[in-house]
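Below: the structure, in structure tokens.
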Ligand SMILES: [Zn+2]
């Protein structure tokens, strides 16, 4: 009877998953943010690994496509739902208070581990497929050479190629040292020199260059002076995430000499729709180039934006930008609600977000995973998994800390986040898993 109920529950889950897909299916289409129109000539493909790790992959895409200001409510909502489910489970199965607390701690640790894996494990995101004659370019990305980045140039290179970019600019914060860390045979072919320089006006600008330059020559300058000097050196100057500061009107920026605007930035997706429309029409009227950028910092490897223009991959990309090509900012994204109700029911929203867009083959993989997890949970092996997972995680945290210490060593003059945040966080995780390891063994 017990097993009938258990497998009955599994059957209901599967029916819900398949049924929801049939009812809510409404796939996301790639569209040009500038025109608002679908771009039938362009498409995205998913990497081969996705089919094997579908639940983790789709969870990663959902997390990495979130607006930056959604992270806090989303994480809180997930934690509360997990705690609530464990609470109800422990009440039904009459677990002791101590067992309940251990189970709660265990589940929250697993949740945080999954969030960390999403941010740190290099799994390829969707790839842009484009017609011949188009170049996909990312004009704003960082490496470990920036103070707040956690991934080296080798992964930046891979991540951009995985996602279908033909070229990208290395734009470290306030210096230009990152460019030379890239292999010589990739420079001026795939990666180009640039910089995100802070000005005395309290905003930063993206400088794109056709040749190497010394970023420190542009320090402590007003926006106006910096722009002048950059233009004297044939640079292309772009205003990044203007909506982060709301500093200077579009007209003032144009008068100073800005060459283009970011109209979408994966690090700062919360651009007000009306402001975004005004920026797009202003840029159109004044022949300013528009970009969507990854602003990649090594946290996650999935972009949902690509800037493309008709050009030639053999010619220097910055020189082509100076000719002011007409860009398309292709977005693979569904508008996300920021309502309180959404965050209260966040796991259900995430499920809806997933199920309304997933195609059959990935849905089959997802369903197989649900069945497998369910069977493992019910099997006698589960208690061994529960017992040894903390040990495994301690090893992962230690290896992770060693890896980050090694990769950041050459860059400690400019990188601060790895030593100040990543290593302490891994050490903290390690201690928490060790505590759990002990409590868990006592509680089995
Ligand atoms: Zn940046």
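In the numbering used here, the protein residues as written are 944 to 1387. Even glycine gets a Cβ: it sits at the ideal position worked out from N, Cα and C.
- Leaving aside the five residues that flank residue 1226 on each side, the residues in its chain whose CB is nearer than 6 Å to its CB run, in chain order, 1204 and 1233.
- Nearest Cα to residue 995 within the set 1337, 1175 and 1311: 1311.
- Judged by their CB atoms, residue 964 and residue 1298 are nearer to each other than the 8 Å cut-off.
- The set of residues with CB atoms less than 5 Å from any heavy atom of ligand 1 reads, in chain order, 1139 and 1238.
- With contact defined as three or more Cβ pairs closer than 8 Å, the region 1014-1025 and the region 1068-1087 are not in contact.
- In the structure shown, the three-state DSSP call for residue 1124 is helix.
- Bounds of any beta strand (DSSP E) do not take in residue 1090, whose DSSP letter is neither H nor E.
- Rounded to whole angstroms, the separation of the alpha carbons of residue 1050 and residue 1060 is 15 Å.
- Relative to the Cα of residue 1062, the nearest Cα in the group 1272, 1377, 1244 and 1322 belongs to 1244.
- In the three-state reduction of the DSSP assignment, residue 1271 falls in the strand class, which pools E and B.
- Around the beta-carbon of residue 951, fewer than 16 other beta-carbon atoms lie within 10 Å, marking it exposed.
- Residue environment: residue 1169 is assigned as buried (16 or more neighbouring CB atoms within 10 Å of its CB, all protein chains considered).
- Note on geometry: alpha-carbon atoms of residue 1315 and residue 967 lie some 25 Å from one another.
- Judged by DSSP in its simplified three-state form, residue 1335 adopts helix.
- By the 16-neighbour rule on beta-carbons within 10 angstroms, residue 958 is exposed.
- In this structure the region 978-992 does not lie against the region 1313-1328, because fewer than three pairs of beta carbons, one per stretch, are closer than 8 Å.
- Taking all protein chains in view, the Cβ of residue 1331 is surrounded by fewer than 16 other Cβ atoms within 10 Å, so the residue is classified as exposed.
- When rounded, the separation of the alpha-carbon atoms in residue 1025 and residue 1327 is 22 Å.
- If you draw a 10 Å sphere on the C-beta of residue 1367, you find fewer than 16 other C-beta atoms in it, and that means exposed.
- Rounded to whole angstroms, residue 1145 and residue 955 show a C-alpha spacing of 56 Å.
- In this structure, the straight-line span from the alpha carbon of residue 1329 to that of residue 1372 is close to 17 Å.
- CA-to-CA, the gap between residue 971 and residue 1099 works out to about 26 Å.
- Residue ranges of uninterrupted alpha helix (DSSP H) with 4 or more members, entirely inside the region 1274-1340 and ordered along the chain, are 1283-1287, 1289-1298 and 1303-1321.
- Taking every protein chain shown into account, the CB of residue 1249 has 16 or more other CB atoms within 10 angstroms, so this residue is buried.
- In the DSSP assignment, residue 1045 falls within the alpha helix (DSSP H) that extends over 1040-1063.
- If you look at residue 1216, you'll find it in the alpha helix (DSSP H) that goes 1216-1228.
- Taking the Cα of residue 1093 as reference, the smallest distance to any Cα among 1115, 1105, 1079 and 1111 is reached at 1115.
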